[in-house]
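These notes concern the structure reproduced below.
Numbering (our numbering), first residue to last: 2 to 154.
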């Protein structure tokens, strides 16, 4: 659910929001962002500015960034944003081993479920699993990314 303060209107889901806001230049979907020390990302444009800026922000924040093509990244609201024609990043903050495991699964290789997939959307998805110090570094990366985008405008 999204609230647009300028229009004083609620939107149920990203599709409704982006259908009604066709003039958005950039979008960032932060999902599964509390569980590790590596940024897992996908971009609507493999050579786009957002993905390039994300790597720069990662260097500034001291966090490794691993990006993959759209089809190899788990589904989330970033797909709606991309389908709306908005230059978009989908990013998560997970362990490097989880990224490797997710990519093995999406590549059709038999593998045990990565740790993160055993946590999210289960009864194990509690605050005890959140890694606050790593999440703080991730928030610093997002802040750096926003500042880089702002400087470029």
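Glycine included, every Cβ here is placed at the ideal spot set by N, Cα and C.
Selected residue, minimal CA-CA separation from residue i, among the options
i: residue 48; options: 62, 61, 68 and 15; result: 68
i: residue 17; options: 73, 100 and 81; result: 81
i: residue 74; options: 98, 20, 86 and 107; result: 107
i: residue 20; options: 44, 86 and 62; result: 86
i: residue 29; options: 125, 22 and 90; result: 90
i: residue 94; options: 8, 38 and 26; result: 38
i: residue 26; options: 113, 104 and 51; result: 51
i: residue 76; options: 132, 63, 124 and 104; result: 104
i: residue 110; options: 22, 116 and 102; result: 102
i: residue 134; options: 63, 24 and 7; result: 63
i: residue 31; options: 140, 152, 116 and 8; result: 140
i: residue 132; options: 71, 124, 146 and 117; result: 117
i: residue 145; options: 125, 7, 61 and 123; result: 61
Residues of its chain near residue i, where Cβ-Cβ distance is below 7 Å and the 5 sequence neighbours each way are ignored
i: residue 66; result: 40, 42, 55, 56 and 59
i: residue 121; result: 33
i: residue 149; result: 54, 57 and 58
i: residue 100; result: 39, 41 and 67
Cβ shell of residue i (< 6 Å), same chain only, five flanking positions each side left out
i: residue 143; result: none
i: residue 136; result: 35
i: residue 83; result: 45 and 89
i: residue 160; result: Given a span of 2 to 154 for the chain in the structure shown, any question on residue 160 remains unanswerable.
i: residue 97; result: 39
Under the three-state DSSP convention, the category residue i falls into
i: residue 44; result: strand
i: residue 31; result: strand
i: residue 90; result: strand
i: residue 67; result: strand
i: residue 218; result: Outside the shown range of the chain, which is 2 to 154, sits residue 218, and nothing can be said about it.
i: residue 77; result: coil
i: residue 124; result: coil
i: residue 143; result: helix
Extent of the continuous alpha helix (DSSP H) to which residue i belongs
i: residue 21; result: 15–21
i: residue 119; result: Careful: residue 119 lies outside any alpha helix (DSSP H) and carries neither H nor E.
i: residue 101; result: 97–107
i: residue 61; result: 50–62
Own chain partners of residue i with C-beta closer than 8 Å, once the 5 adjacent residues on each side are dropped
i: residue 130; result: 35, 36 and 120
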